[in-house]
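Enquirer: Take the position in the sequence shown, starting the count at 1, then add 50; the result is the number in my numbering. For glycine and all other residues, C-beta sits at the position ideal for the given N, C-alpha and C.
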Amino acid sequence: MIRNLAQGIRVFTSNAFLVDGETTALVDAGANFDVVPKIREFTDSLDAVYLTHTHPDHIGNVDAVRDAFDVQTWGYDTGNLAVDKRIDDGERIQIGDDVYEAVHTPGHKDDHLCFFSRGAGVCFAGDLVFANGGFGRTDLPEGDRGALVESIDRLHEIVGDDLTELHTGHGPSVTTRPKDDIDLAAKAARTR
51 MIRNLAQGIR VFTSNAFLVD GETTALVDAG ANFDVVPKIR EFTDSLDAVY
101 LTHTHPDHIG NVDAVRDAFD VQTWGYDTGN LAVDKRIDDG ERIQIGDDVY
151 EAVHTPGHKD DHLCFFSRGA GVCFAGDLVF ANGGFGRTDL PEGDRGALVE
201 SIDRLHEIVG DDLTELHTGH GPSVTTRPKD DIDLAAKAAR TR
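(1) Could you give the DSSP three-state label for D230: helix, strand or coil?
(2) What residues are listed by DSSP as bridge partners for I52?
(3) In chain order, what residues of the same chain lie with their CB nearer than 7 Å to the CB of A170, ignoring the 5 residues before and after it?
(4) Is DSSP giving I59 helix, strand or coil here?
(5) Straight-line CA distance for T225 to E215?
(6) Which first and last residues belong to the alpha helix (DSSP H) in which S201 is found?
(7) Which whole runs of the beta strand (DSSP E) in the region 94-158 are 3 residues long or more, in chain order?
(8) Which residue from I145, L178, G193 puts its Cα closest to that of L234?
(9) Look at the alpha carbon of R136 and the alpha carbon of D127, and state the distance between them as a whole number of angstroms.
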């Protein structure tokens, strides 16, 4: 089961997804709210924290989660103190009961990753794309519109017709024709 622990929180934070199963994992830790009691509502242990990228709104709670659950964090940039272990492009990781491929998708931030499980039809897209054709900002340090467009195109190609759920870094998840939202984001990123 995938639960957004930041749902209903009224502060600036990213979504923080708790995924139960063979490997109980948190995808992004959020910020500016106490995520630890939210995790404890569903589990007493975490096996891993996977970070889509290291912007403060996605990693602000990392230290609290590490302390509470004695867990390591995984991401692309081990030069960032929030990342304990590196995940390379194309590497496979276990999240819940499913195997996900890490897809390096720079453009919003150089260390951005998406996680896609073909078997489950699920993608954690971080801040690459959002519902209704939204896409990640490129006006922050390391932002690059051309790279973002290439990353959206790459994700679109990788997910193919197997995508059934798109869990984004902000806003609602998309569970109805999520590939359409990636299509819209690809078009919008080229024109805005």
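Expert: Reading off the structure:
(1) helix
(2) V69
(3) A distance below 7 Å between beta-carbons, with the five flanking residues on each side excluded, links A170 to the following residues of its chain, in chain order: D148.
(4) coil
(5) 5 Å
(6) Per DSSP, S201 belongs to the alpha helix (DSSP H) from 195-209.
(7) 98-100, 123-125, 142-145, 148-154
(8) It is L178 whose Cα lies nearest to the Cα of L234.
(9) 6 Å
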